[in-house]
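Chemist: Sharing a structure here in C-alpha cells format.
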Amino acid sequence: MASVSGRTGRAAGARSDATLADLAAFSAGVGDVAGVRELCERVTRALGLDYFLYGLHVPSSMTDPDMLVIDGFPAGYVESVYRPRNYVQIDPVVHHLFRCVTPVLWRDLHDLPLGDGRQFADLLHEAESYGLVTGAALPMHGPRGTISLYSIASRQRGPKAERMLRQCLPDALLALTHIHEAAMRVTRQDELEHEALTPRELECLAWCAEGKTSWETARILGIAERTVVFHLQNVNMKLRVSSRQQAVAQSIAMGLVNPTPRRLPKSDVGDA
231 MASVSGRTGR AAGARSDATL ADLAAFSAGV GDVAGVRELC ERVTRALGLD YFLYGLHVPS
291 SMTDPDMLVI DGFPAGYVES VYRPRNYVQI DPVVHHLFRC VTPVLWRDLH DLPLGDGRQF
351 ADLLHEAESY GLVTGAALPM HGPRGTISLY SIASRQRGPK AERMLRQCLP DALLALTHIH
411 EAAMRVTRQD ELEHEALTPR ELECLAWCAE GKTSWETARI LGIAERTVVF HLQNVNMKLR
471 VSSRQQAVAQ SIAMGLVNPT PRRLPKSDVG DA
C-alpha cells in the first residue's frame, strides 16, 4: 500500500478547539490517503500533541500483508533510523499492537520480553533525540482482520506530560475509530476484493474449519457430498487460493468465517 509523510506543524502543547464531532464530520468526507493524513493531523492537534504515526495492517497474505503507513513523526526518524535498523522486530509497540486492544504509554512497555532490553532502551533514546519524548500507542482491531495503530507523542517530558497524555487517551481512542474507518474506505478494505461468498459456501467453509470432511459436512447440512465439494471449489476460486487449508486460513484472517453462536447461552451470573 502507500506510505505518506507529514508533520503536524503546530506549537507544542497547544490544544485545538476542534471537537470530536467536527473530526467525525471531516472523516466522513475523506476520499484519499492524503485526506487520512489530514485527519490524523487534525486529531493530533485537537489532542494537544506534536507527532503521530498511523498504520493500517491488512491480512491480505500470511507472509506479506499489506500495510498503509502515514508518517507524522519528526522528519528523518522513520526513514533514517527506525526502518534501516529494523526496529520493528524488537519494538514492544508492535508486539502490543497484535496482542492487545488497550492504549498504553511507551514507558509502560519496558517489561515486554522482546530483545534484551538494551535494544528497546536504545530505541527510546534515539526517539527522544528526534523529539519523541512522551508517547502512547493505541491499537484497534477492525473488520476482516484489519488492525490500526495510532502512535501519538509529545516533545514534553515529565509527570505533567504523562498525565496530559493519559487524560487524552479516551478521546484519542474514539477518534481512532473514525481514522480506521476512513483508512478502510480509502484502501477499499470496506469493499470485498473478491466475489462475495454465499451463505451455503460460508457454512461449508465453517465446517471445513472445524476439521469436518466433505462427507461429514454433507451429513450435518443435509446435502449431497458432491454439493459440498462444489461449494468449496467455488470458495477456492473466489478467494484465489488452491487448497481448502489455504481457504480456511485466508477466510479466518479476513474475518469471513467467525465463531457464531447458534443460540443465546444462559448467563454465567445469576440474580443476586
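So in this note's numbering, spot 107 of the sequence shown is number 337, and the numbers just go up one at a time.
Glycine included, each C-beta is placed from N, C-alpha and C at the ideal position.
1) Report buried or exposed for residue 249, applying the criterion of at least 16 other Cβ atoms within 10 angstroms of its Cβ.
2) Closest Cβ-Cβ distance between residue 448 and chain C: below 8 Å?
3) Grab the span of the beta strand (DSSP E) containing residue 378 for me, first residue to last.
4) Suppose the cutoff is 8 Å on Cβ atoms and the five residues either side in sequence are ignored; what does the same chain contact list for residue 262 look like?
5) How should residue 428 be labelled, buried or exposed, when 16 other C-beta atoms within 10 angstroms of its C-beta is the threshold for buried?
6) Buried or exposed for residue 332, please, with buried defined as at least 16 other CB atoms from any protein chain shown within 10 angstroms of its CB.
7) Could you have a look at residue 428 and say whether DSSP puts it in helix, strand or coil?
8) In the structure shown, what three-state DSSP assignment does residue 350 receive?
9) Checking 8 Å against the spacing of the C-beta atoms, do residue 280 and residue 383 come in under that value?
10) Where does residue 282 sit, in a helix, a strand or coil, going by DSSP?
11) Could you tell me the alpha carbon to alpha carbon distance between residue 337 and residue 397, rounded to whole angstroms?
12) Within this structure, are the beta carbons of residue 284 and residue 380 separated by less than 8 Å?
13) Which term fits residue 480, buried or exposed, when burial requires 16 or more other beta carbons within 10 angstroms of its beta carbon?
14) Taking a contact to mean a Cβ-Cβ separation below 8 Å, would you say residue 186 touches residue 339 in this structure?
15) What are the complete alpha helix (DSSP H) segments, minimum 4 residues, inside the region 297–349?
16) Which class does residue 454 belong to by DSSP, given the choice of helix, strand or coil?
17) Using beta-carbon positions only, say whether residue 444 and residue 458 come within less than 8 Å of one another.
18) Let me know the secondary structure DSSP gives residue 361 once reduced to three states.
19) Can you give me the start and stop residues for the alpha helix (DSSP H) that residue 473 sits inside?
Modeler: From the atom records:
1) exposed
2) In the structure shown, chain C does not exist; there is a single protein chain.
3) 377–384
4) Leaving aside the five residues that flank residue 262 on each side, the residues in its chain whose CB is nearer than 8 Å to its CB run, in chain order, 416.
5) exposed
6) exposed
7) coil
8) DSSP places residue 350 in helix when its eight states are reduced to three.
9) Yes; because the gap between Cβ atoms is below 8 Å, this pair is in contact.
10) strand
11) 16 Å
12) yes
13) Classification of residue 480: buried, given that the 10 Å Cβ count is 16 or more.
14) Missing from the structure shown is residue 186; the chain here goes from 231 to 502 and no further.
15) 322–329
16) In the three-state scheme derived from DSSP, where H, G and I count as helix and E and B as strand, residue 454 is classed as coil.
17) Contact check for residue 444 against residue 458 passes: the beta carbons are separated by less than 8 Å.
18) coil
19) Premise fails: residue 473 is in no alpha helix (DSSP H) and is neither H nor E.
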